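A short write-up of the structure that comes next.
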Amino acid sequence: MNEMEINEMVIKCPVCSVEGVAKSIMKEIEIPHFGKVLETTIQCPECGFKHSDVIALEQNDPAKYVIEINKNNLSVRVVRSQSATVSIPEIGVKVEPGPKSEGYVTNVEGILTRFEDAVEKALNLFDDDASQENGKKTLNEIRELKKGNGTATLIILDPFGQSNVVSVEISEIPEEELNTLKTGFSHIEE
Ligand SMILES: [Zn+2]
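Listed below in C-alpha cells is the structure:
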C-alpha cells in the first residue's frame, strides 16, 4: 500500500464552529489489486468530533468478498465502500447501505466491533424477551469470534466492486515522520 498524497487543512469545525483547531486530512491511498481510494478524516480537538469517509476513486465490476473469520486473521484489513452489504450468515447479522452509510477502512476485528455496537444499541431499543434473548446470544457469538474462538464467514457484497479485503498490515505514519514527508501540497490555513 502507498499513501500517495496527503492534504491537511485547518478548518472551521462543522459541529462546534470553533475556528482554527479542527483538521481535515485527505489521503489518497493506493491499495494493491484494488486501486485508489480517498480517505478523508475530520478531527476537532475542541469538541471531540471525528468523522472519516472512504471514497473509491476507481469503479470496478460487482464483487463478492468472502473471508473466514478465525483467530489468525482478525487483523486482516477490510475496505468497506458506502455501497457494500456486510454480513456474517452464521450469526445472522447484516449491515446494508443506507443514505447515511459511510465507507471505512478497518480490519476483521473492527467489523466485529461495529456489529457488536449495533447489537448493543438494538438491545437498548427493544426490551421484549425474544429480542433480548436473541440479542444477547448474538452478542456472545460476536465476542467469542473477537477473542479468536470459533470461525464464521464474513461476506461483503459490493455492486461497484469498490470494497476489498487486504492481507497486508497498514500502519499509521508517526507524526514526526509525517512532518518530514513531502506531499506536493501546500498547507492551507484560514
Ligand atoms: Zn468542534
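The numbering used here applies: residue 4 is where the sequence shown begins, and numbers increase by one. Built from N, CA and C at the ideal position, the CB exists for glycine as well. These figures come from a predicted structure and were not determined experimentally.
Asked	Found
For ligand 1, is there any heavy atom lying closer than 7 Å to the beta carbon of V18?	yes
Within 10 Å of its beta-carbon, does G164 have 16 or more other beta-carbons around it, so buried, or fewer, so exposed?	buried
If we require 3 or more residues per run, which beta strand (DSSP E) segments fall completely within the stretch 40 to 123?	53 to 59, 66 to 72, 80 to 83, 88 to 91, 96 to 98 and 107 to 110
Any contact of the stretch 86 to 99 with the stretch 135 to 155, i.e. 3+ C-beta pairs under 8 Å?	yes
Classify T156 as helix, strand or coil using the three-state DSSP reduction.	strand
In whole angstroms, what is the alpha-carbon distance linking A59 and E99?	18 Å
So is the beta-carbon of E22 under 7 Å away from any non-hydrogen atom of ligand 1?	no
Could you tell me whether any non-hydrogen atom of ligand 1 is closer than 7 Å to the CB of E180?	no
For G38, which three-state DSSP category applies?	strand
On the three-state DSSP scale, how would you describe E33?	strand
For C50 and G23, I'd like the C-alpha separation in whole angstroms.	13 Å
Tell me, please, whether the stretch 25 to 45 touches the stretch 120 to 136 by the rule of three or more beta-carbon pairs shorter than 8 Å.	no
Are the Cβ atoms of S84 and E112 separated by less than 8 Å?	no
Here's the rule: buried if 16 or more other CB atoms are within 10 angstroms of the residue's CB, otherwise exposed. What is E33?	exposed
Check whether the Cβ of E49 lies closer than 7 Å to any heavy atom of ligand 1, and answer yes or no.	yes
Should K115 go down as buried or exposed, given a rule of 16 or more other Cβ atoms within 10 Å for buried?	Note that residue 115 is Leu in the sequence shown, not Lys. L115 is buried by the Cβ-count criterion.
Give me the Cα-Cα distance between K139 and L128, rounded to the nearest whole angstrom.	13 Å
Are the beta-carbon atoms belonging to G106 and D56 less than 8 Å from one another?	yes
By the three-class DSSP mapping on this structure, what secondary structure does I176 have?	coil
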